[in-house]
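Residue numbers (full-length UniProt numbering): 1 to 97.
Glycine included, every Cβ here is placed at the ideal spot set by N, Cα and C.
Computed from a prediction, not measured in an experiment: that's the story for all the values here.
Take a look at the structure set out below.
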């Protein structure tokens with residue numbers, strides 16, 4: 001779990017990050033969750049675009065993504081979600097928060 005100061009730092013870092021995933025009308029699938037887990041291991045901070053065809057609210061989608069990946073929610077801004085997952089070995093963290 002991250003605190004508000006860490007969330008603020010991560011939100012600032014996410015400004016320069018491009019969205020690398022999209023959630024569409026199929027919603028959050030197992031395949032998407034597996035890809036997100038791999039991306040979180042490689043990058044730690046991931047931005048996701050939610051298409052207009054996606055079912056549900058942004059909060060519901062964020063909760064579903066975080067539950068399926070074990071990540072922490074960072075921000076929801078418009079149709080963008082930002083999630084963060086610290087590596088199990090904190091000494092190998094690319095992002096220090």
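**Message:** Within the continuous alpha helix (DSSP H) that includes residue 4, where are the two ends?
**Reply:** 4-14
Q: Consult DSSP for residue 81 and reduce its assignment to one of helix, strand or coil.
A: strand
**Cβ distance (whole Å) where residue 80 is taken to contact residue 49 below 8 Å** = 6 Å
### Query
residue 86 by DSSP, collapsed to three states: which one?
coil
Can you pull the DSSP bridge partners for residue 72?
84
In terms of alpha-carbon separation, which member of 74, 17 and 23 lies closest to residue 104? Outside the displayed span of the chain (1 to 97) sits residue 104, for which this structure offers no information.
Going by DSSP, name the residue or residues bridged to residue 19. 47
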